[in-house]
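Novice: Residue numbers (UniProt numbering), protein chains in the order written: chain A, 1 to 390; chain B, 1 to 390.
Number of protein chains: 2
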Amino acid sequence: MKFLHTSDWHIGRTLNGFSLLEEQKYAFEQILSLAKQNQVDGIIIAGDLYERAVPSAESVITFNQMLREMNIIEKFPIYMISGNHDGAKRLSYAKDWLDYNNLHLRTSLEEAFIPVETKETQIFLLPFFDPMDARIYFSNQGLDEEDTKQIKTIDDAMTLVISKMKSQFNNKKNQVLVTHFAVSPHKEEIVLTSETPSKVGGLSTLNVSQFADFDYVALGHIHTRLASPSDKVQYSGSPVKFNTKEASTQKGIFVVEIKEKMLNSNFLPLQVKTDLVVLEEEWEQLISRDFYERQPLNKAWFAITIKNFDRTKLVGQNLRAQLQKIYGTIIELDYQFEKKQLTRSRSQDIETLDNVEILSSFYKFTTGETLDDVQTAIIESTFNELEGEK
Amino acid sequence: MKFLHTSDWHIGRTLNGFSLLEEQKYAFEQILSLAKQNQVDGIIIAGDLYERAVPSAESVITFNQMLREMNIIEKFPIYMISGNHDGAKRLSYAKDWLDYNNLHLRTSLEEAFIPVETKETQIFLLPFFDPMDARIYFSNQGLDEEDTKQIKTIDDAMTLVISKMKSQFNNKKNQVLVTHFAVSPHKEEIVLTSETPSKVGGLSTLNVSQFADFDYVALGHIHTRLASPSDKVQYSGSPVKFNTKEASTQKGIFVVEIKEKMLNSNFLPLQVKTDLVVLEEEWEQLISRDFYERQPLNKAWFAITIKNFDRTKLVGQNLRAQLQKIYGTIIELDYQFEKKQLTRSRSQDIETLDNVEILSSFYKFTTGETLDDVQTAIIESTFNELEGEK
């Protein structure tokens with residue numbers, strides 16, 4: 001079986017207030033082309049279909065149109081689940097009718113145990129859920145109260161879930177799991193020297209070893225494929241860049257083929273419609289013709305940090321307006337203060353930093369090192385989860 | 001062809017803050033039974049499926065479950081449209097997949113012109129729309145600007161819509177229209193003696209003569225069947241009582257059969273789960289055992305008006321609490337003041353009256369007569385439309 005693996009479409013998302021809808025549509029058209037070129041047997045979307053639990057009417061129409069093109073017009077079977085951003089209950093509307101046309105959507109834990117069966121493959125669709133959902137489900141299944149109480153972390157719940165899935169395994173077929181969680185790579189597991197062992201990512205993170213019995217695990221939740229624990233258990237990442245930290249990241253999808261338990265997985269890149277350019281320069285540089293004429297003026301989105309910013313020299317000037325006149329769309333404008341101002345401004349600045357920035361400053365302060373992309377992605381997804389609507 | 005005609009389910013509606021969901025489910029089970037007993041060929045729901053454009057997750061689940069039972073389990077074809085309360089764009093999600101299983105939902109004007117065809121019948125599904133939607137549609141269809149501007153009222157728009165539908169008529173079949181508007185009976189049309197002719201109901205009301213070429217028109221919008229313009233063009237009314245003015249109304253559905261252009265329509269009543277009892281009595285009567293022991297205490301919902309209410313005599317008493325202790329659920333508590341207080345209290349009272357009550361007082365004040373059920377229904381639906389989310 002050959003399929004296309006994508007995730008985290010987040011239809012309706014904005015980047016600093018700028019709609020990403022055109023970017024998302026552009027990525028979608030490429031995904032559909034790649035599905036056709038590669039003659040895949042199905043398309044997997046591993047959760048976070050929408051940005052919000054109650055998506056706007058425009059988002060609903062856009063996503064519906066994408067599903068129509070893939071499933072009704074091009075006849076691709078679709079395998080998809082709700083993520084933590086999706087409103088599982090609302091999304092479940094009309095699910096039974098979708099199944100008639102090989103559009104398989106699962107939005108609750110209890111639906112995860114009966115796989116979609118193709119000739120060669122069993123596809124288990126496990127939507128995002130939390131330990132409390134698992135307590136309720138297994139308690140209804142007759143698990144006794146003491147054992148139910150032992151389900152504290154998502155890892156505890158997953159052990160039970162996968163054990164139950166395995167009872168459905170048909171050994172003549174391959175098993176694919178589609179799910180939506182933070183999964184940490186086994187190799188990076190850290191046991192602290194203190195008496196309490198601890199895992200990277202904490203209580204809401206799963207260990208990759210949970211998934212050993214599947215031939216492929218198509219993950220969603222973390223927006224970069226670089227956070228993938230292994231080739232068999234991997235994130236496709238989002239098809240679109242959702243923030244300026246991803247400016248230099250290559251987005252894409254996986255085309256995965258499983259033949260007699262052999263896995264062949266290829267990452268295929270997606271092009272952006274509008275480039276995202278990050279500039280960190282001093283003010284004089286930013287407004288010098290020699291510098292800016294080398295930039296894709298009025299064609300890209302610019303995220304600009306003014307280095308060694310000295311308020312006193314630029315008093316009364318509308319900096320954003322000046323930059324917009326030169327560059328076009330400025331989606332982010334930051335200021336890096338001169339060192340002499342740093343002490344004074346630190347306590348003020350913390351008010352304007354987001355959680356990830358605060359944590360990454362703290363990390364740098366305590367370890368002297370900078371967070372890498374994977375670490376940043378895990379932290380971001382954890383904050384998203386904490387703040388997100390379920 | 002034999003079908004069941006219902007409308008205005010308004011899933012998610014409350015009555016003075018009391019959820020009507022259990023009442024709605026009870027009505028639904030009876031509707032499904034009647035469909036089975038009468039072996040209908042399809043079920044028509046003529047709009048206002050939900051109470052709100054953005055229904056709650058609970059409403060979505062409930063309505064989805066009802067559709068499942070009718071269409072997936074019992075295999076009834078469904079013919080339904082969006083009403084003014086429904087969010088047409090959101091509701092259109094997954095529509096194409098529903099069609100595969102004979103669940104036909106139309107939510108926009110442009111979808112109304114291709115009927116659903118059965119062996120004997122063409123069913124035109126015309127959702128609620130406004131004159132501006134019609135201007136846009138007919139302008140896109142090549143109607144010239146001057147003619148487009150002439151579409152001012154819904155009646156203007158309907159003339160064009162029905163003329164276009166007629167071009168699709170197959171004379172060997174019957175034609176049924178499902179739609180969602182206020183339609184006034186021809187016989188009550190009033191032409192004022194002034195130079196400007198005027199129609200009952202104003203700009204947002206259609207004249208029944210528009211529909212002369214259909215064999216049956218299944219209407220939604222007005223909640224009582226008593227407002228039906230004719231046997232061929234009729235309102236089923238809502239399956240549930242939505243306010244205390246409807247306490248003594250018999251709710252139900254129509255089973256309609258069309259055989260060789262002959263129409264046979266039967267109104268079949270629905271039972272309520274919880275009775276709605278309206279009492280207008282003086283305080284002493286309300287709390288007298290002789291009186292209240294004849295009431296269905298703790299079994300019904302009570303709407304109570306205390307007649308000849310004299311504040312001075314009952315100062316410091318919690319009247320609602322006393323009545324609840326006797327009667328159970330009090331969903332409405334009103335006060336009718338003694339005549340001597342009337343002048344003083346009128347200006348205060350108007351703040352607490354709803355629009356329909358204000359208008360009906362004004363009608364009584366100016367004409368000396370009381371609004372009848374049909375008039376009240378039309379006024380209510382007009383206010384709903386003005387206040388409603390489209």
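All C-beta atoms in this analysis are idealised placements derived from N, C-alpha and C, irrespective of residue type, glycine included.
In terms of residues, what are the limits of the beta strand (DSSP E) holding A182(A)?
Specialist: Taking the first sequence and counting its residues from 1, the one referred to as residue 182(A) is at position 182. First-last of the beta strand (DSSP E) with A182(A): 182-184.
Novice: Spatial neighbours of F129(B) within its chain, please: C-beta separation below 6 Å, excluding the five flanking residues on both sides.
Specialist: For the purposes of this step, residue 129(B) is identified with residue 129 of the second sequence, where counting begins at 1. For F129(B), where only same-chain residues beyond five positions count, the Cβ hits under 6 Å are L109.
Novice: Go ahead and label V161(B) buried or exposed: buried means 16 or more other beta carbons lie within 10 angstroms of its beta carbon, across all protein chains shown.
Specialist: The sequence position of residue 161(B) within the second sequence is 161, counting from 1. Buried, by the Cβ-count rule.
Novice: Count Cβ pairs between the stretch 286-294 of chain B and the stretch 257-276 of chain B that sit closer than 8 Å; are there 3 or more?
Specialist: Judged by Cβ distances under 8 Å, the stretch 286-294 of chain B makes no contact with the stretch 257-276 of chain B, as fewer than three pairs qualify.
Novice: Grouping DSSP H, G and I as helix and E and B as strand, with all else coil, what is M262(A)?
Specialist: Within the first sequence, numbered from 1, the residue matching residue 262(A) stands at position 262. DSSP places M262(A) in strand when its eight states are reduced to three.
Novice: With a 10 Å radius around its C-beta and 16 neighbouring C-beta atoms as the bar for buried, classify R106(A) as buried or exposed.
Specialist: Locating residue 106(A) in the first sequence gives position 106, where the first residue counts as 1. Looking at its Cβ environment, which holds 16 or more other Cβ atoms inside 10 Å, R106(A) is buried.
Novice: So what does DSSP say about S19(B), is it helix, strand or coil?
Specialist: Here residue 19(B) refers to the residue found at position 19 of the second sequence. Correct three-state label for S19(B): strand.
Novice: Using C-beta distances below 6 Å, list every residue in its chain close to N102(A), excluding the 5 sequence neighbours before and after it, in chain order.
Specialist: Position 102 of the first sequence, counted from the first residue, corresponds to residue 102(A). If we look at N102(A) and ignore the five residues flanking it on each side, its Cβ neighbours are P77.
Novice: Bridge partners of M80(B), per DSSP?
Specialist: As a first step, residue 80(B) must be located in the second sequence, where it is residue number 80. Looking at the DSSP assignment, M80(B) forms a beta bridge with I45(B), L105(B).
Novice: I believe I258(B) touches L286(B) by the beta-carbon criterion, under 8 Å. Please report the beta-carbon distance rounded to the nearest angstrom.
Specialist: Mapped onto the second sequence, residue 258(B) falls at position 258. Mapped onto the second sequence, residue 286(B) falls at position 286. At roughly 51 Å, the Cβ-Cβ gap does not stay under 8 Å, so I258(B) and L286(B) are not in contact.
Novice: Please report how far the alpha carbon of T148(A) lies from the alpha carbon of M158(A), in whole angstroms.
Specialist: As a working mapping, residue 148(A) is identified with position 148 in the first sequence. As a working mapping, residue 158(A) is identified with position 158 in the first sequence. Each residue's alpha carbon lies about 13 Å from the other.
Novice: Compare the C-beta of residue 391(A) with all C-beta atoms of chain B and state if any pair is closer than 7 Å.
Specialist: Beyond the ends of chain A as shown, which are 1 and 390, falls residue 391(A); an answer cannot be given.
Novice: Do P127(B) and I73(B) have their beta-carbon atoms positioned less than 7 Å apart in this structure?
Specialist: Translated into the one-based positions of the second sequence, residue 73(B) becomes position 73. Translated into the one-based positions of the second sequence, residue 127(B) becomes position 127. Taking 7 Å as the Cβ cut-off, I73(B) and P127(B) do not qualify as a contacting pair.
Novice: Count the C-beta pairs between the stretch 19-35 of chain B and the stretch 372-386 of chain A that are closer than 8 Å, then say yes if the count reaches three, no if not.
Specialist: No: fewer than three Cβ pairs fall under 8 Å.
Novice: For T118(B) and T382(A), what's the separation of their Cα atoms in angstroms?
Specialist: For this step, residue 118(B) is matched to residue 118 along the second sequence. For this step, residue 382(A) is matched to residue 382 along the first sequence. The straight-line gap from Cα to Cα measures roughly 54 Å.
Novice: Only counting the same chain, and skipping five residues up and downstream in sequence, which positions put a Cβ closer than 6 Å to that of D334(B)?
Specialist: For this step, residue 334(B) is matched to residue 334 along the second sequence. T305.
Novice: Taking L103(B) as the query, report the chain A residues whose CB atoms sit under 8 Å from its CB, ordered along the chain.
Specialist: What you label residue 103(B) is simply residue 103 of the second sequence in a count that begins at 1. What L103(B) touches in chain A: W97.
Novice: Going by Cα to Cα distance, which pick from M66(B), G12(B), M132(B) is closest to S33(B)?
Specialist: Reading the second sequence from its first residue, position 33 is the one you call residue 33(B). Ranking M66(B), G12(B), M132(B) by Cα distance to S33(B) puts M66(B) first.
Novice: Looking at V40(A) and L98(A), is the spacing between their C-beta atoms short of 7 Å?
Specialist: Taking the first sequence and counting its residues from 1, one reaches residue 98(A) at position 98. Taking the first sequence and counting its residues from 1, one reaches residue 40(A) at position 40. For L98(A) and V40(A), no; Cβs fall outside 7 Å.
Novice: Which term fits E246(A), buried or exposed, when burial requires 16 or more other beta carbons within 10 angstroms of its beta carbon?
Specialist: Counting from one through the first sequence, the residue named residue 246(A) turns up at place 246. When all chains shown are included, E246(A) counts as buried.
Novice: In terms of DSSP beta bridges, what is N170(A) paired with?
Specialist: Here residue 170(A) refers to the residue found at position 170 when the first sequence is read from its first residue. Bridge partners of N170(A): none, in fact.
Novice: Give every residue of the same chain whose Cβ lies closer than 6 Å to the Cβ of W9(A), excluding the five residues on either side of it in the sequence, and list them in chain order.
Specialist: Here residue 9(A) refers to the residue found at position 9 of the first sequence. So the list reads L49, once near-sequence residues are dropped.
Novice: Can you give me, in chain order, the residues of the stretch 66-90 of chain B that have a beta carbon less than 7 Å from any beta carbon in chain A?
Specialist: Listed by position along the chain: R68, I72, G87, K89, R90.
Novice: Pick helix, strand or coil for P131(B), following the three-state DSSP scheme.
Specialist: Walking along the second sequence from the start, residue 131(B) turns up at place 131. Three-state result, P131(B): helix.
Novice: How is I11(B) classed by DSSP in three states: helix, strand or coil?
Specialist: Locating residue 11(B) in the second sequence gives position 11, where the first residue counts as 1. In the structure shown, I11(B) sits in a strand (DSSP, three-state: E or B).
Novice: Would S7(A) and G220(A) be called neighbours here (beta carbons separated by less than 7 Å)?
Specialist: The residue labelled residue 7(A) in the question sits at position 7 within the first sequence. The residue labelled residue 220(A) in the question sits at position 220 within the first sequence. Yes, Cβ-Cβ distance for S7(A) and G220(A) is below 7 Å.
Novice: Quick check on the burial criterion: 16 or more other C-beta atoms within 10 angstroms. Buried or exposed for I114(B)?
Specialist: Residue 114(B) sits at position 114 when you count from the first residue of the second sequence. It counts as exposed.
Novice: Assign V60(A) to buried or exposed, taking buried as 16 or more other Cβ atoms, counted over all protein chains shown, within 10 Å of its Cβ.
Specialist: By one-based count along the first sequence, residue 60(A) stands at place 60. Buried.
Novice: Mind listing the chain A neighbours of V54(B)? Cutoff is C-beta to C-beta under 7 Å, in chain order.
Specialist: Within the second sequence, residue 54(B) is the residue found at index 54, counting from 1. Ordered by position in chain A, the residues that pass the 7 Å Cβ test against V54(B) are V54.
Novice: Taking CB distances under 7 Å as the criterion, tell me whether Y93(A) reaches chain B.
Specialist: By 1-based counting over the first sequence, the position of residue 93(A) is 93. Output row for Y93(A): interface = yes.
Novice: Go through its chain and collect everything with a Cβ distance to K187(A)'s Cβ below 6 Å, but skip five positions before and after it.
Specialist: Position 187 of the first sequence holds residue 187(A). Because K187(A) carries a pLDDT of 48, less than 50, the predicted location of this residue cannot be relied on, and no value is offered for it.
Novice: Just the Cα atoms here: how many angstroms apart are K307(B) and V272(B)?
Specialist: In the second sequence, counting from the first residue as 1, residue 307(B) sits at position 307. In the second sequence, counting from the first residue as 1, residue 272(B) sits at position 272. Cα-Cα distance, rounded: 27 Å.
Novice: In the DSSP output, what is H5(A) paired with across the bridge?
Specialist: Residue mapping note: residue 5(A) aligns to position 5 of the first sequence, counting from 1. Paired residue(s): I44(A), F254(A).
Novice: Can you check DSSP and say which residues form a bridge with T179(B)?
Specialist: Position 179 of the second sequence, counting from 1, holds the residue named residue 179(B). Partner(s): L126(B), L219(B).
Novice: Mind checking if V240(A) is an interface residue toward chain B, Cβ cutoff 7 Å exclusive?
Specialist: On the first sequence, residue 240(A) is found 240 positions in, with the first residue counted as 1. By this cut-off, V240(A) is not an interface position.
Novice: Are there 16 or more other CB atoms within 10 angstroms of the CB of D155(B), so buried, or fewer, so exposed?
Specialist: As a position in the second sequence, residue 155(B) is number 155, starting the count at 1. Buried is the call here.
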